[in-house]
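K.L.:
My questions will all concern the structure given below.
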Amino acid sequence: MIAEIGHLLLIGSLVTSFLAGFSPLLRFLTKDDFFYGIISPLNNLVFLLIFLSFVSLIYSFLVDDFSVTYIANNSNTLLPVYYKLAATWGAHEGSLLLWILCLCFWSTSYFFLNRKKDVEFVALTLSVLNQIIFAFIAFTLFTSNPFERLLPIAPFEGADLNPLLQDFAFTIHPPLLYLGYSGLAVPFALSLSALISKKIDSIWARDARLWSLLSSGFLTLGIVLGSWWAYYELGWGGWWFWDPVENAAFVPWLISVAMFHSLIVTERRGLYKNWSILLSILAFAASILGTFLVRSGILTSVHAFVLDPERGVFILAIFAYFTLGSLIFYSIKNNKFPGRSTYNMISKEFGFLLNNILLVILAISIMFGTLFPLIYEAIYDGEQISVGAPYYEVLILPFAIALSFLQGVGLYLSWSSTREFNFLNRVLIESFSLFIIISLLVFLIFGTLNWGAFLAIAMFSWIISGNFIDMVYQSSQVKELKSVLLRRLGMISAHLGTAFLILGVGIVTTFSLEREVVLQKGESYQLGSTNFVFKEIRESKGLNYSVQSAGIEVRKGGLVDEISAEKRSYLSSNQIMTEAAIKPTLLQDYYVTLGDHVGDGKWSFKLQIKPFIRWIWFGAILIALGTFVSGFRQTKRL
Amino acid sequence: MNRITHYLPLIFFIFLIIGLFTFLDNEKSDLRSVLLDKNFPDFSLSQLENQEIVTKNDLVELPSLLNVWATWCIACRVEHPFLMRLRNESTINIYGLNYKDDRSKAINLLDQIGDPYEFSIFDHEGILAIDLGVYGAPETFLIDKRGIIRVRHVGVLSPEVWEEKFNGVLNNLKEDEQ
Amino acid sequence: MHPLRKQRLYVVLSILLGTVIAALLVFKGLSENINLFYSPSDLQNAQINAQIRVGGMVRKDSIIRVENSLRVSFVITDFEKDLVVNYDGILPDLFSEEAGVVVKGKINEEGIFVANEVLAKHDENYMPPEVAKALKDKK
Numbered sequence: 001m002i003a004e005i006g007h008l009l010l011i012g013s014l015v016t017s018f019l020a021g022f023s024p025l026l027r028f029l030t031k032d033d034f035f036y037g038i039i040s041p042l043n044n045l046v047f048l049l050i051f052l053s054f055v056s057l058i059y060s061f062l063v064d065d066f067s068v069t070y071i072a073n074n075s076n077t078l079l080p081v082y083y084k085l086a087a088t089w090g091a092h093e094g095s096l097l098l099w100i101l102c103l104c105f106w107s108t109s110y111f112f113l114n115r116k117k118d119v120e121f122v123a124l125t126l127s128v129l130n131q132i133i134f135a136f137i138a139f140t141l142f143t144s145n146p147f148e149r150l151l152p153i154a155p156f157e158g159a160d161l162n163p164l165l166q167d168f169a170f171t172i173h174p175p176l177l178y179l180g181y182s183g184l185a186v187p188f189a190l191s192l193s194a195l196i197s198k199k200i201d202s203i204w205a206r207d208a209r210l211w212s213l214l215s216s217g218f219l220t221l222g223i224v225l226g227s228w229w230a231y232y233e234l235g236w237g238g239w240w241f242w243d244p245v246e247n248a249a250f251v252p253w254l255i256s257v258a259m260f261h262s263l264i265v266t267e268r269r270g271l272y273k274n275w276s277i278l279l280s281i282l283a284f285a286a287s288i289l290g291t292f293l294v295r296s297g298i299l300t301s302v303h304a305f306v307l308d309p310e311r312g313v314f315i316l317a318i319f320a321y322f323t324l325g326s327l328i329f330y331s332i333k334n335n336k337f338p339g340r341s342t343y344n345m346i347s348k349e350f351g352f353l354l355n356n357i358l359l360v361i362l363a364i365s366i367m368f369g370t371l372f373p374l375i376y377e378a379i380y381d382g383e384q385i386s387v388g389a390p391y392y393e394v395l396i397l398p399f400a401i402a403l404s405f406l407q408g409v410g411l412y413l414s415w416s417s418t419r420e421f422n423f424l425n426r427v428l429i430e431s432f433s434l435f436i437i438i439s440l441l442v443f444l445i446f447g448t449l450n451w452g453a454f455l456a457i458a459m460f461s462w463i464i465s466g467n468f469i470d471m472v473y474q475s476s477q478v479k480e481l482k483s484v485l486l487r488r489l490g491m492i493s494a495h496l497g498t499a500f501l502i503l504g505v506g507i508v509t510t511f512s513l514e515r516e517v518v519l520q521k522g523e524s525y526q527l528g529s530t531n532f533v534f535k536e537i538r539e540s541k542g543l544n545y546s547v548q549s550a551g552i553e554v555r556k557g558g559l560v561d562e563i564s565a566e567k568r569s570y571l572s573s574n575q576i577m578t579e580a581a582i583k584p585t586l587l588q589d590y591y592v593t594l595g596d597h598v599g600d601g602k603w604s605f606k607l608q609i610k611p612f613i614r615w616i617w618f619g620a621i622l623i624a625l626g627t628f629v630s631g632f633r634q635t636k637r638l
Numbered sequence: 001m002n003r004i005t006h007y008l009p010l011i012f013f014i015f016l017i018i019g020l021f022t023f024l025d026n027e028k029s030d031l032r033s034v035l036l037d038k039n040f041p042d043f044s045l046s047q048l049e050n051q052e053i054v055t056k057n058d059l060v061e062l063p064s065l066l067n068v069w070a071t072w073c074i075a076c077r078v079e080h081p082f083l084m085r086l087r088n089e090s091t092i093n094i095y096g097l098n099y100k101d102d103r104s105k106a107i108n109l110l111d112q113i114g115d116p117y118e119f120s121i122f123d124h125e126g127i128l129a130i131d132l133g134v135y136g137a138p139e140t141f142l143i144d145k146r147g148i149i150r151v152r153h154v155g156v157l158s159p160e161v162w163e164e165k166f167n168g169v170l171n172n173l174k175e176d177e178q
Numbered sequence: 001m002h003p004l005r006k007q008r009l010y011v012v013l014s015i016l017l018g019t020v021i022a023a024l025l026v027f028k029g030l031s032e033n034i035n036l037f038y039s040p041s042d043l044q045n046a047q048i049n050a051q052i053r054v055g056g057m058v059r060k061d062s063i064i065r066v067e068n069s070l071r072v073s074f075v076i077t078d079f080e081k082d083l084v085v086n087y088d089g090i091l092p093d094l095f096s097e098e099a100g101v102v103v104k105g106k107i108n109e110e111g112i113f114v115a116n117e118v119l120a121k122h123d124e125n126y127m128p129p130e131v132a133k134a135l136k137d138k139k
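Residue numbers (the working numbering), protein chains in the order written: chain A, 1 to 638; chain B, 1 to 178; chain C, 1 to 139.
See below:
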């Protein structure tokens with residue numbers, strides 16, 4: 001019964017979002033402003049309907065309604081309540097409903113924050129958002145309905161949630177990620193409204209920047225969670241695989257960063273208007289393209305949701321409609337916004353432009369690498385290839401170096417033109433203080449000068465000193481430092497986060513240690529300066545699994561701690577999962593994976609030491625925090 | 001100059017979409033074109049119940065359906081009652097292809113809910129399934145009197161699907177024999 | 001030069017420079033990092049000692065482990081040809097007999113595949129499209 005209600009609510013929202021989405025057409029035809037005014041209430045109704053529909057799905061999960069196919073495929077009576085809730089978005093159909101809910105959240109938030117603004121503009125923006133909502137509801141209803149019934153005989157037990165997904169980080173990863181993906185629809189809609197109503201000014205830029213920042217922040221968090229989860233759940237110690245699905249999130253992220261930087265120039269100097277609009281279209285397009293790649297089955301991936309070319313066509317059609325539609329508007333209408341002021345090569349404007357060029361070219365190159373197997377297969381008649389991680393690693397390094405350099409230097413640039421003397425002066429002071437820091441750090445920590453470490457620390461120090469020295473220059477007295485810091489908190493946090501991220505990546509890539517060994521009970525192995533001792537093997541039971549766990553003692557310096565590496569056997573599906581044992585410390589992670597019983601009491605283990613790995617996620621969280629701080633600050637100005 | 005550059009993204013995306021669409025289309029036709037109007041492939045596998053080896057020559061009650069099923073396939077339960085009905089009303093013979101399954105679990109399930117199959121082929125490794133181009137379960141094939149595959153349906157076999165896809169073809173086949 | 005034109009020149013030059021560098025990296029990266037995929041029957045076309053991927057089904061009862069070490073060997077097949085794979089390391093959770101698997105490594109002079117990576121997908125009922133396609137194409 002509840003599932004039917006959920007289904008009906010979904011149909012209701014389909015109709016309502018359609019009306020909201022295409023109402024401007026009626027306004028265009030009848031010239032009656034009623035058709036603008038009606039859009040906001042319709043939009044809010046859609047949110048309510050979708051929310052209730054989502055609640056009915058959750059309810060059905062919680063009461064174990066296995067007569068619903070989706071629930072039968074993804075849940076189980078033994079599943080802990082918390083995971084039954086999360087199972088709602090554990091597979092394709094339900095996750096789509098979550099995506100739609102996120103988008104509704106954004107559109108309604110936009111409405112609430114802009115209630116007193118220009119009616120036409122708000123109406124247009126909401127209608128674009130509702131067209132997107134409509135498209136996704138249609139896709140869900142017609143190809144991926146989570147409320148479909150399994151009749152006439154309902155199974156009395158479900159197939160269970162994939163054990164890989166039975167994990168805290170993984171349950172909040174989709175909501176955060178989807179908030180990011182769907183959030184990019186708002187700048188997109190704002191751009192279209194600007195193109196149609198020909199209104200684009202610094203206020204528009206500030207609005208667009210607000211929503212770009214918020215979406216970007218959520219994307220950052222979603223990606224971080226995905227990386228962290230993969231690290232401790234998949235058992236290999238890897239934290240990024242350049243998998244098509246990961247790239248599908250990384251590319252929109254890069255573009256969103258370019259976008260909110262470009263919008264700073266648009267807001268302050270009225271430049272790059274067309275470019276910002278184009279970026280918002282590209283960001284949203286990348287987001288939808290990502291959805292397409294992940295759900296159409298054309299790319300192989302460990303994350304692949306669904307192998308269904310039929311569904312792929314539908315998403316592709318949605319992609320085509322919004323991308324081509326918006327680009328047609330862009331091509332025809334955009335030259336109404338010429339930017340006229342000129343700037344020097346050594347200026348903030350140009351600095352931001354370089355930032356954008358680097359980010360966008362990187363994004364395109366990553367997307368190209370992701371799509372290349374398809375191109376290759378098409379040209380070479382069915383031959384399958386994969387593009388390995390080294391391609392991306394080689395690609396990203398020069399861009400990372402260039403971007404880090406730019407970030408450190410960029411703060412010294414002035415609008416329009418910079419007094420060259422001052423600029424050079426600061427750069428030299430910076431590079432001087434930097435060089436001292438680098439050499440000291442590298443030598444202190446590692447006792448040697450190693451290229452990988454040197455590069456990572458160089459980039460790290462460059463960014464930190466750049467931000468710090470700039471703060472100093474901004475305040476004429478010491479007590480002003482605090483207010484400068486607070487004023488620029490968002491930016492500083494985000495930039496510092498980038499520094500920590502780069503440092504973490506560089507160090508862990510250069511200095512990771514790993515060995516696969518066979519150990520007898522009581523035996524130990526020395527990896528680097530750490531001793532791993534295999535203490536014992538224990539058997540026990542969890543809620544819906546049975547487990548063998550190996551106690552490993554980690555000894556380094558004064559540190560002695562025991563961690564346990566497990567192999568779990570899930571009762572309902574007979575799947576075996578490895579749970580790695582991780583001992584995190586500030587400077588490194590100790591990582592142990594249990595392998596197989598090799599014979600008479602001997603087990604295989606994979607031992608790893610991962611220095612500075614936490615700094616990667618710490619840095620990324622700082623970035624997200626900074627992004628949110630900057631974003632929320634804009635809301636106060638609305 | 002400016003106008004042209006402004007049209008570039010649009011042109012690029014048009015090409016991208018055409019490319020992706022073509023790719024998808026190829027994937028779809030790959031999925032469909034397999035084996036229609038071709039001979040049912042040869043195979044040599046054990047029967048589910050008694051482990052005797054069966055081959056293509058043992059599929060004698062033709063025309064018949066070949067239904068791909070497994071205990072892990074939830075949707076297979078949906079079509080099961082209809083398969084039972086087809087068998088009880090002697091509409092058409094059904095052979096089962098037990099796909100990548102556990103033998104004892106499969107036998108137990110049939111004991112529990114009923115066995116609509118003349119017999120089931122135990123395809124643990126999915127060898128015959130691959131030859132048939134099977135992507136998963138449930139899937140149902142219609143094989144005619146000469147052992148040629150006439151219809152392939154991916155998904156649940158409901159009364160509607162039976163009417164639309166299978167029954168018509170079955171009747172035509174019967175007429176052709178007259 | 002007129003300032004606006006000068007500005008445009010810088011912009012265009014930067015974009016050009018960035019694109020050229022990216023293009024070089026892309027070409028270099030792709031040419032060195034494309035892993036060709038083969039099924040066991042295709043292997044006569046493969047280069048010996050080149051890094052490739054091979055996919056197939058793990059043959060029942062073919063997994064042999066060397067006592068007290070991580071060395072293991074198994075046979076993968078596309079039901080036309082078999083390939084012996086040697087691997088020294090911990091096998092992934094979803095690796096088992098009669099399941100689809102993709103191995104990454106090199107074929108040595110004796111025709112044995114020395115794997116440096118063994119990949120098994122997260123759904124035991126899911127066969128990697130490449131493997132399914134390759135197996136289908138055999139017929």
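A virtual CB, placed ideally from N, CA and C, is assigned to each residue, including glycine.
If we ignore side chains and look at the alpha-carbon of each, how far apart do A/F435 and C/H2 end up?
P.N.:
39 Å
K.L.:
So with Cβ pairs under 8 Å, would you call A/L279 a contact of chain B?
P.N.:
A/L279 does not count as touching chain B.
K.L.:
When you compare each of A/V81, A/F168, A/G158, A/S127 to A/A185 by their alpha carbons, which one comes out closest?
P.N.:
A/S127
K.L.:
What residues from the stretch 105-131 of chain B come within 7 Å of chain C, judged by C-beta to C-beta, listed N to C?
P.N.:
Legend: CB atoms of the stretch 105-131 of chain B lying less than 7 Å from CB atoms of chain C belong to residues H124, E125, I127, I130, D131.
K.L.:
Exposed or buried, what is A/I457 when buried is set at 16 or more other beta-carbons lying within 10 Å of its beta-carbon?
P.N.:
buried
K.L.:
Which first and last residues belong to the alpha helix (DSSP H) in which C/P40 is found?
P.N.:
Here C/P40 belongs to no alpha helix (DSSP H), and DSSP marks it neither H nor E.
K.L.:
Let me check understanding here. Comparing Cα to Cα, which of B/D115, B/V54, B/F122, B/G19 lies closest to B/N93?
P.N.:
B/D115
K.L.:
Chain B beta carbons: is any one of them nearer than 8 Å to that of C/F79?
P.N.:
yes
K.L.:
Below 6 Å CB to CB, which residues in the same chain sit around A/N114 once its five sequence neighbours on both sides are set aside?
P.N.:
V122
K.L.:
Output needed for A/H261: all residues of its chain with C-beta closer than 6 Å, excluding positions within five of it in sequence on either side, in chain order.
P.N.:
F352, N355
K.L.:
Please state whether the Cβ-Cβ distance between A/A565 and A/I576 is less than 8 Å.
P.N.:
No Cβ-Cβ contact shorter than 8 Å links A/A565 with A/I576.
K.L.:
For C/E117, name the three-state secondary structure that DSSP assigns.
P.N.:
In this structure, DSSP gives C/E117 an extended state, which the three-state scheme calls strand.
K.L.:
Which of the three DSSP states is assigned to C/H2 in this structure?
P.N.:
coil
K.L.:
So what does DSSP say about A/M1, is it helix, strand or coil?
P.N.:
coil
K.L.:
Is there a Cβ from chain B that is less than 8 Å from the Cβ of A/T323?
P.N.:
yes
K.L.:
If you draw a straight line from the alpha carbon of A/S193 to that of A/N274, how long is it in whole angstroms?
P.N.:
13 Å
K.L.:
Strictly below 7 Å CB to CB, what residues from chain A border C/Q7?
P.N.:
T342, Y343
K.L.:
So, does the CB of A/A3 fall closer than 8 Å to a CB anywhere in chain C?
P.N.:
no
K.L.:
Under 8 Å, CB to CB, which of the residues in the stretch 20-37 of chain C have a partner in chain A?
P.N.:
So the close ones are I21, A22, L25, V26, K28, G29, L30, E32, N33, I34, N35, L36, F37.
K.L.:
Is there a Cβ of chain C sitting closer than 8 Å to that of A/G388, yes or no?
P.N.:
yes
K.L.:
My output table needs one value for A/A91: the three-state DSSP class, helix, strand or coil.
P.N.:
Reduced to three states, the DSSP call for A/A91 is coil.
K.L.:
Does A/I328 get closer than 8 Å to chain B when you measure Cβ to Cβ?
P.N.:
yes
K.L.:
List, in chain order, every chain A residue whose beta-carbon is nearer than 9 Å to that of B/I94.
P.N.:
None at all; the shortest Cβ gap to chain A is about 18 Å.
K.L.:
Return the bridge partner residues of B/W69 from the DSSP annotation.
P.N.:
B/N98
K.L.:
Give the straight-line distance between the Cα atoms of C/T77 and C/Q44, rounded to the nearest whole angstrom.
P.N.:
14 Å
K.L.:
Is A/Q407 buried or exposed, if buried means 16 or more other CB atoms sit within 10 Å of its CB?
P.N.:
buried
K.L.:
Counting only Cβ pairs nearer than 9 Å, list the residues of chain B close to A/T69.
P.N.:
I74, A75, V78
K.L.:
Any idea if A/I132 is buried or exposed, counting beta-carbon neighbours within 10 angstroms, 16 or more meaning buried?
P.N.:
By the 10 Å Cβ count, A/I132 comes out buried.
K.L.:
Using beta carbons (cut-off 8 Å, strictly below), is C/V103 in contact with chain A?
P.N.:
no
K.L.:
Counting beta carbon pairs with one atom in the stretch 323-335 of chain A and one in the stretch 379-397 of chain A, are three or more of them shorter than 8 Å?
P.N.:
no
K.L.:
C/G40: buried (16+ other C-beta within 10 angstroms of its C-beta) or exposed?
P.N.:
Per the sequence presented here, residue 40 of chain C reads as Pro, with Gly not at that position. Buried: at least 16 other Cβ atoms inside 10 Å.
K.L.:
Establish whether the CB of A/F372 and some CB of chain C are separated by less than 8 Å.
P.N.:
yes
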